[in-house]
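To start, the structure under review is shown below, and the notes come after it.
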Amino acid sequence: MNRQTFTLILICTFFIFSCENRKPIIKSKPKDTIAGVVLTFDDASVNEWYQTDKILSAYSWKATFCVSKINTLNLSEITKLLELQKEGHEIAGHGFHHFDAPKFVAKNGIDTYMNQEINPMLDLMDFYSFKVTSFAYPFGFRNVQIDKALLKKFKIVRGTTYGAEDPFFQNCYFNNSKLVFAIGIDLDHPNFSIPYLLKLLDYAKRKHKILIVFGHKPVLKVTANYQTKMETLKLICNYIKQHHMTFYSLSELNNLKYDIVSLQQ
1 MNRQTFTLIL ICTFFIFSCE NRKPIIKSKP KDTIAGVVLT FDDASVNEWY QTDKILSAYS
61 WKATFCVSKI NTLNLSEITK LLELQKEGHE IAGHGFHHFD APKFVAKNGI DTYMNQEINP
121 MLDLMDFYSF KVTSFAYPFG FRNVQIDKAL LKKFKIVRGT TYGAEDPFFQ NCYFNNSKLV
181 FAIGIDLDHP NFSIPYLLKL LDYAKRKHKI LIVFGHKPVL KVTANYQTKM ETLKLICNYI
241 KQHHMTFYSL SELNNLKYDI VSLQQ
């Protein structure tokens, strides 16, 4: 055996034993996710939210109520929000003043925004014993700079998306990110329709996705803008029940991360 062949055999032997001492690399893979819906409501229609819970509790529903102007709520409204939280719903932030975030930051800076819009909101909500870990942008207006600042405070931050394109191209499904986008279900929301909502729900069911939607004030009969028809909410609840899907809160999305198994020696 010549010297060159002997050296090659030694190298190959070392490589084989080296590999045997390592565990195989397992690439990132998604956890099994049950298809479902995140129902979110913005602003401060507390009395209507509370009554809606009484109506939809038969469906074992779950919602995230994104509250703005917490300092303007009376004791009765605070008590109802606490009851909703106790029932398993999430209370999230929606701004102390309901500022247009990019416009305010452009004029006053990010530090002033945090000190006037976010920190007072969190302080007061904590005082009332609300466990706030999610935030929904007023009007859905956002930018990367503000996202970065808010994600230091919240597990999940929610914007909004629009359009009526094929669900495959929609941005209203959870995609393993801390920044998520919801599509509107108020009757006056651009491109809202029951057939399109059913199309989005069907895509979520078939592809094991989580659809994220937002509304404002639930009502039996729509009389103004920023109102969600109770019939729409019942449709969603019935769809979830009939197709064995589930309701998620915004903060629960933070737990649906990819399992990552790194190389171990």
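Residue numbers (UniProt numbering): 1 to 265.
Where a beta carbon is used, it is the ideal one built from N, C-alpha and C, also for glycine.
Source: prediction; values computed, not measured.
Have a look at Ile78, His97 and Lys54 and flag the residue whose alpha-carbon is nearest the alpha-carbon of Tyr113.
His97
Cβ contact check for the segment 222-234 and the segment 187-206: 3 or more pairs under 8 Å
yes
Going by DSSP, what residue range makes up the beta strand (DSSP E) through Val46?
Per DSSP, Val46 belongs to no beta strand (DSSP E); it is in the alpha helix (DSSP H), Val46 to Leu56.
Below 8 Å, how does it come out for the segment 109-128 and the segment 210-226: are there three or more Cβ pairs, yes or no?
no
At least three beta-carbon pairs within less than 8 Å, the segment 65-75 to the segment 227-246
no
Proximity of Ala101 and Ile146 at Cβ, strictly below 8 Å:
yes
Can you tell me which of His94, Gly36 and Thr33 puts its alpha carbon nearest to the alpha carbon of Val132?
His94
Buried or exposed, going by whether 16 or more other CB atoms sit within 10 Å of the CB of Asp43?
buried
Neighbour-count burial assignment, Ile210, 16 or more Cβ in a 10 Å radius
buried
From the DSSP output, in three-state form, read off Val237 for me.
For the record, residue 237 in the displayed sequence is Cys; it is not Val. Looking at Cys237 - three-state DSSP - the assignment turns out to be helix.
Can you tell which of Leu197, Thr246 and Thr232 has the C-alpha that lies nearest to the C-alpha of Ile55?
Thr232
Within 10 angstroms of the Cβ of Phe135, are there 16 or more other Cβ atoms? Answer buried if so, exposed if not.
buried
What do you get for Tyr142, buried or exposed, if any count of 16 or more other CB atoms within 10 angstroms of its CB means buried?
Sequence check: residue 142 is Arg here, not Tyr. Result: buried.
What are the residues that DSSP puts in a beta bridge with Lys229?
Val219
What's the gap between the Cα of Thr246 and the Cα of Ala106?
40 Å
Would you call Arg158 buried or exposed, if buried means 16 or more other Cβ atoms sit within 10 Å of its Cβ?
buried
Please determine, among Asn175, Phe192 and Phe214, the residue with the shortest C-alpha to C-alpha distance to Ala208.
The question names Ala, yet the displayed sequence has His at residue 208. Comparing Cα positions, the closest option is Asn175.
Using DSSP bridges, identify the partner residues of Asp43.
Val67
Residues bridged to Tyr248 (per DSSP):
Val38
Residue interval of the alpha helix (DSSP H) (run including Thr161):
From DSSP, Thr161 is part of no alpha helix (DSSP H) but of the beta strand (DSSP E) over Ile156 to Thr161.
Where does Lys23 land, buried or exposed, given buried means 16+ other C-beta within 10 angstroms?
In this predicted model, Lys23 has a pLDDT of only 40, less than 50, meaning its place in the structure is not dependable enough to derive any value.
Is it true that the CB of Thr52 sits closer than 8 Å to the CB of His89?
no
Helix, strand or coil: which one does DSSP assign to Leu187?
coil
Under the assumption that Ala35 contacts Lys205 (Cβ atoms under 8 Å), give the Cβ distance between them as a whole number of angstroms.
5 Å
Buried/exposed call for Ser249, threshold 16 Cβ in 10 Å:
buried
So, Ser57 versus Lys217, is the Cβ gap smaller than 8 Å?
no
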